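Trainee: Before I ask anything, let me first share the structure, which is written out below as C-alpha cells.
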Amino acid sequence: MTKLFATRLALVATMAMLVTPAISAQQGDEAPPPSKPGKPINNGDVLSGELNAMKVRDVKNGKRVPMYQITSEPRRLPAPNGLCNLETGPETFQLVTSSDAQATQLKSFVGKEISVKVDEIACASDAGQMSEAVITKWSLIKKQ
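Going by numbering that gives the first Met the number 0, 0 is the number at position 1 of the sequence shown; the sequence numbering is gapless.
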C-alpha cells in the first residue's frame, strides 16, 4: 500500500511540475495592441517610398511590360476607398505610366527613395495586380 501511494504521489508531483510553467506562460502572453490605420493620403498629397520595378504580362497583347511600385508606410485613401479592405491601409502603390516618357523617367530611380505628387488614387481592383493601391495620375517631385 505504501509503495502504491509513493508511486502515485511521485506521478502527481511530476505532473504538477510540468503543468505549472505552461499555465504561467499562458497567463503572461498578452495580445499586441491593435495596429492603427495609416495617415490619410488625398489627391494633391506627396507619397514617398522606395521605387521597385517588376515585369508583368500585359492583358491586351500578352507582352511583358514594366510595372513600377512604391513601397511606403500604410496610408488611408480618401472615401469611399479608405483602407482597401486591409487592417492598416495599403503599403504598396502601383504607379501607372501613361507615356514612354514617364516610364523612362522612373527607370533611373528603381531601388531608390522617390516622392510623387498623387493626383488620382484608388484601391487595386483587378485580379493579378501586384499592389494594394493604384496611382493613375501622378508627377515626380525632384529632390533638391
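Just so you know, even glycine gets a beta-carbon here, dropped at the ideal spot from N, CA and C.
Source: prediction; values computed, not measured.
Taking DSSP's pairing of strands, which residues face N51 in a bridge?
Mentor: For the purposes of this step, residue 51 is taken as residue 52 along the sequence shown, with counting starting at 1. Note: N51 sits in a beta bridge opposite Q68.
Trainee: Just the Cα atoms here: how many angstroms apart are S138 and N80?
Mentor: Taking the first residue of the sequence shown as position 1, residue 138 is located at position 139. Taking the first residue of the sequence shown as position 1, residue 80 is located at position 81. S138 and N80: Cα-Cα distance of roughly 22 Å.
Trainee: Out of curiosity, what's the CA-to-CA distance linking A52 and V58?
Mentor: Translated into the one-based positions of the sequence shown, residue 52 becomes position 53. Translated into the one-based positions of the sequence shown, residue 58 becomes position 59. Between A52 and V58, the C-alpha separation is close to 18 Å.
Trainee: DSSP puts F156 in a beta bridge; with which residues?
Mentor: Residue 156 cannot be examined here, being either before or after the span of the chain that is shown, 0 to 143.
Trainee: Any idea if F92 is buried or exposed, counting beta-carbon neighbours within 10 angstroms, 16 or more meaning buried?
Mentor: Within the sequence shown, the letter at position 93 stands for residue 92. Flag for F92 reads buried.
Trainee: Pick from V64, K136 and S107: whose alpha carbon is nearest that of K116?
Mentor: For the purposes of this step, residue 116 is taken as residue 117 along the sequence shown, with counting starting at 1. Checking every option, the nearest Cα to that of K116 belongs to K136.
Trainee: Take P77 as the anchor and find which of S97, G37 and L3 has the nearest alpha-carbon.
Mentor: By one-based count along the sequence shown, residue 77 stands at place 78. P77 has its Cα closest to that of G37, out of S97, G37 and L3.
Trainee: What did DSSP end up calling K57 once you bin it into helix, strand or coil?
Mentor: As a position in the sequence shown, residue 57 is number 58, starting the count at 1. Lys is not the amino acid found at residue 57; the sequence shown has Asp there. It is coil, neither helix nor strand.
Trainee: May I ask you to report which of helix, strand or coil DSSP gives D44?
Mentor: Position 45 of the sequence shown, counted from the start, is the residue given in the question as residue 44. Of the three classes helix, strand and coil, the one that applies to D44 here is coil, per DSSP.
Trainee: So, at 7 Å on beta carbons, what are the nonlocal neighbours of T70 in its own chain, with the 5 sequence-adjacent residues on each side left out?
Mentor: Residue numbering aside, residue 70 sits at position 71 when the sequence shown is read from its first letter. So the qualifying residues of the chain are G48, E49, N51, E90 and T91.
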